[in-house]
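Remarks on the structure that follows.
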Amino acid sequence: MTASTVDTAVGLYRTMRLIRRFEERAIELVRSGDIVGGIHPYIGQEAVAAGVCAALGPDDLVTGTHRGHGHVLAKGADPAGMMAELTGRVTGLNKGRGGSMHAADLGVGVLGANAIVGAAGAIATGAAWARQRLGTPVVAATFFGDGAVNEGMLLEAFNLAALWRVPVVFVCENNGYATTMRVDDAVAGSITGRAEAFGIPAATVDGQDAEAVLAVTREAVARARGGGGPSFVECLTQRFEAHHTFEHVVRLRYRTDEELAHIRARDPLDIQGARLDAAVRADVDEEVDGVLGRAVEFALASEFPDPLTALDHLYASGLRPRSGSGV
Ligand SMILES: Cc1ncc(C[n+]2csc(CCOP(=O)(O)OP(=O)(O)O)c2C)c(N)n1
Numbered sequence: 025m026t027a028s029t030v031d032t033a034v035g036l037y038r039t040m041r042l043i044r045r046f047e048e049r050a051i052e053l054v055r056s057g058d059i060v061g062g063i064h065p066y067i068g069q070e071a072v073a074a075g076v077c078a079a080l081g082p083d084d085l086v087t088g089t090h091r092g093h094g095h096v097l098a099k100g101a102d103p104a105g106m107m108a109e110l111t112g113r114v115t116g117l118n119k120g121r122g123g124s125m126h127a128a129d130l131g132v133g134v135l136g137a138n139a140i141v142g143a144a145g146a147i148a149t150g151a152a153w154a155r156q157r158l159g160t161p162v163v164a165a166t167f168f169g170d171g172a173v174n175e176g177m178l179l180e181a182f183n184l185a186a187l188w189r190v191p192v193v194f195v196c197e198n199n200g201y202a203t204t205m206r207v208d209d210a211v212a213g214s215i216t217g218r219a220e221a222f223g224i225p226a227a228t229v230d231g232q233d234a235e236a237v238l239a240v241t242r243e244a245v246a247r248a249r250g251g252g253g254p255s256f257v258e259c260l261t262q263r264f265e266a267h268h269t270f271e272h273v274v275r276l277r278y279r280t281d282e283e284l285a286h287i288r289a290r291d292p293l294d295i296q297g298a299r300l301d302a303a304v305r306a307d308v309d310e311e312v313d314g315v316l317g318r319a320v321e322f323a324l325a326s327e328f329p330d331p332l333t334a335l336d337h338l339y340a341s342g343l344r345p346r347s348g349s350g351v
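In terms of my numbering, the sequence shown has 105 at position 81, counting the first letter as 1, and numbering is strictly consecutive.
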């Protein structure tokens with residue numbers, strides 16, 4: 025391996041380990057009551073966010089989902105600010121107003137996690153189109169689950185992205201379930217066929233292998249930068265944890281123990297970790313544990329927002345009429 029491929033291999037592993045430990049610590053904070061309302065854990069799907077974001081540059085954009093912590097972290101958001109956001113603190117990425125499902129960090133190109141299934145594809149397409157029109161083009165990658173592929177908003181975004189050759193990469197995280205609904209019970213035809221119907225090149229990749237995800241996304245990003253318009257990447261992945269931490273209280277029996285064991289057998293961290301020197305892997309693990317330890321301490325030591333400021337930061341300030349609008 026060359027030095028740069030070693031760096032890439034370690035970088036992918038580090039991002040995945042960061043997400044995994046973030047999620048494990050966040051689940052602890054749900055249990056202790058420090059995160060109110062629960063979270064949708066990303067554990068098991070880390071290779072998708074890590075691989076896709078490694079193919080993007082710092083100025084490129086991403087949109088995430090309700091299961092969005094991994095997307096936000098992989099694009100480079102500060103884990104301490106993210107943990108403070110989940111615990112509703114004033115030091116959070118969005119001053120504690122966004123929480124788990126609406127965290128955003130425009131400074132690193134994260135337009136936001138998004139609780140509305142299928143909505144973020146339209147936001148990413150619109151943002152990439154706007155930047156193209158402004159003459160400062162970037163690539164936008166948008167993550168969504170298999171549960172989003174029948175949402176009208178997403179299909180409309182495919183249409184306009186293809187028609188206007190928008191530099192956007194549609195990333196479907198097919199983890200086999202939408203909450204408790206099996207993909208085979210909800211999706212007619214094929215997932216990639218939806219993109220192909222709009223003339224969007226589509227590929228299916230092993231979503232447990234970060235290097236495979238990175239390779240396919242690099243091709244999609246190169247196509248987008250070269251003026252070739254959108255691409256679609258279906259990542260076959262697995263959700264190791266509950267749909268939502270609420271499921272830890274109410275055990276929904278939609279996956280048998282045997283199925284769960286099968287699902288957990290291909291851990292993306294082990295797949296990538298096996299490509300590293302054992303001592304390097306151990307160093308990364310230790311370093312990331314330290315980062316998360318400090319993130320949790322920072323979050324829990326931070327103040328809650330003053331209730332009197334509840335309406336601050338909710339509305340854009342300094343709204344200006346568009347030139348020529350006559351308003
Ligand atoms: C438009 C819309 N419909 C329904 C919901 C309720 N909901 C939240 S998560 C979810 C399942 C989404 O499944 P999928 O897109 O496959 O993502 P996964 O949860 O597997 O990551 C649903 C139906 C929602 N948030 N938005």
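Glycine included, every Cβ here is placed at the ideal spot set by N, Cα and C.
query                                                                                                                           : result
Three-pair Cβ contact test at 8 angstroms for the stretch 53-60 versus the stretch 85-98                                        : no
Beta-carbon proximity check, Pro103 vs Gln156, cutoff 8 angstroms                                                               : no
Supposed contact pair Ala172 and Gly136 - C-beta distance, whole angstroms, cut 8 angstroms                                     : Not really, about 15 angstroms apart at Cβ, beyond 8 angstroms.
Beta-ladder partner(s) of Ala172, from DSSP                                                                                     : Partner(s): none; Ala172 has no beta bridge.
Strand pairing of Ala146, partner residues [DSSP]                                                                               : DSSP lists no partner for Ala146.
Spatially closest choice to Arg45 from Gly68, Ser56 and Ala27, by CA coordinates                                                : Gly68
With 16 other Cβ atoms within 10 Å as the buried cut-off, status of Arg41                                                       : buried
Which listed residue (Met205, Thr203 and Glu197) has its alpha carbon closest to that of Ala227                                 : Glu197
Neighbourhood of Ala212 by C-beta distance below 6 angstroms, restricted to the same chain and skipping five residues each side : none
Reduced DSSP secondary structure (H/G/I, E/B, other) of Asp230                                                                  : strand
Proximity winner among Ala33, Val304, Leu300 and Val76, relative to Thr166 (alpha-carbon distances)                             : Val76
For Ala234 and Asp307, the rounded distance between their alpha carbons                                                         : 20 angstroms
CB contact flag (Val72, Val237, <8 angstroms)                                                                                   : yes
Exposed unless 16 or more other CB atoms sit within 10 angstroms - verdict on Gly328                                            : In the sequence under discussion, the amino acid at residue 328 is Phe, which differs from the Gly named in the question. Exposed, because fewer than 16 other Cβ atoms sit within 10 Å of the Cβ of Phe328.
Cβ shell of Ile224 (< 8 angstroms), same chain only, five flanking positions each side left out                                 : Phe182, Ala185, Ala186, Phe194, Gly253, Pro254, Ser255 and Phe256
Contact set for Leu178: own chain, Cβ-Cβ below 6 angstroms, skip 5 residues either direction                                    : Gly142, Gly145 and Ala172
Proximity test, Tyr201 beta-carbon vs ligand 1 heavy atom, cut-off 7 angstroms                                                  : yes
N- and C-terminal bounds of the beta strand (DSSP E) containing Ser255                                                          : Ser255 to Leu260
Paired residues, beta bridge with Gly136 - DSSP                                                                                 : Thr87
Ligand 1 heavy atom lying under 7 angstroms from the CB of Val141                                                               : yes
Glu321 versus Glu47 - alpha carbon distance                                                                                     : 15 angstroms
Residue range of the beta strand (DSSP E) that includes Gly194                                                                  : Here the sequence assigns Phe to residue 194, which means Gly is not the residue at that position. Looking at the DSSP string, the run of the beta strand (DSSP E) that includes Phe194 is Val192 to Asn198.
Check: Arg91 C-beta below 7 angstroms from any heavy atom of ligand 1                                                           : yes
Leu158 versus Ala248 - alpha carbon distance                                                                                    : 16 angstroms
Gly120 classed as buried or exposed, judged by whether at least 16 other C-beta atoms fall within 10 angstroms                  : buried
Cβ neighbours of Thr333 in the same chain (closer than 6 angstroms, five flanking residues each side left out)                  : none
Strand pairing of Asp129, partner residues [DSSP]                                                                               : Val134
Cα-Cα separation between Leu130 and Val34, rounded to whole angstroms                                                           : 26 angstroms
Pair within 8 angstroms by beta-carbon distance, Leu85 and Ala152                                                               : yes
Beta-bridge partners of Tyr201, as assigned by DSSP                                                                             : Arg206
Given Pro82 as reference, the closest of Gly133, Gly105, Thr89 and Leu110 once Cα atoms are compared                            : Gly133
For Thr32 and Ala78, believed in contact at Cβ under 8 angstroms, the rounded distance                                          : 7 angstroms
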